[in-house]
Amino acid sequence: MQIDKFDKIAYANITHAISLALKEVGDRFGVDFRPNGGQTGVSQGRIDLQVNVRKPSDGLRPGEKKFRIDAGYFGLPNEAFHTILTHKGRRFRVVGLNSNAPVYPVECEALSGGRGCRFPIHTLRNALEMAKVAKAA
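The numbering of the sequence shown is the numbering used here, which starts it at 166 and goes up by one.
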């Protein structure tokens with residue numbers, strides 16, 4: 166089908182054809198492609214694509230998978246991922262470990278605002294010990 170102008174109907178037809186064609190590519194790499202808007206015009210247009218990584222078959226998020234691999238290296242339990250820790254009156258959620266950072270390997274995000282920060286490994290160990298003591302009491 167030849168198109169004369171790139172209007173809404175042509176946009177819908179072309180994005181549908183692109184989605185079908187990219188399904189095989191997405192299956193090969195484990196991602197999903199989705200049309201994400203664009204622009205129509207008389208002779209030119211634009212089609213934007215959104216790429217989403219599929220959830221792994223083991224049910225873990227990509228960050229959690231890497232955390233579990235690195236946790237053994239630091240002597241941490243796998244359950245430490247997404248642990249809430251308190252430091253100087255502020256609360257943080259553990260979101261990852263950076264094995265290339267020798268001083269501050271624990272990556273966290275603040276619960277108030279989501280700002281990222283890093284901590285030394287002993288801060289997370291202390292928070293885990295405090296949680297054990299609190300549960301035992």
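For glycine and all other residues, C-beta sits at the position ideal for the given N, C-alpha and C. Being a predicted model, the structure only gives us computed values, none of them experimental.
query	result
Quick check for students: name the residue ranges of the alpha helix (DSSP H) that lie wholly in the region 196-265, counting only runs of 4 or more.	227-239
On the DSSP letters alone, give me the boundaries of the beta strand (DSSP E) that V190 sits inside.	Where V190 is concerned, there is no enclosing beta strand (DSSP E), although the alpha helix (DSSP H) it sits in stretches over 173-194.
Does the Cβ-Cβ distance between N217 and V196 come in under 8 Å?	yes
Considering only the alpha carbon of each residue, which of P200, K300, G206, S184 lies closest to I168?	G206
Under a three-way DSSP split, which group does R280 fall into?	coil
From the DSSP output, in three-state form, read off A302 for me.	coil
Which residue's Cα is closest to the Cα of T288: R258, D213, F171?	R258
Along the chain, where does the beta strand (DSSP E) containing V271 start, and where does it finish?	271-275
For F194, is the classification buried or exposed, using 16 other Cβ atoms within 10 angstroms of its Cβ as the cut-off for buried?	exposed
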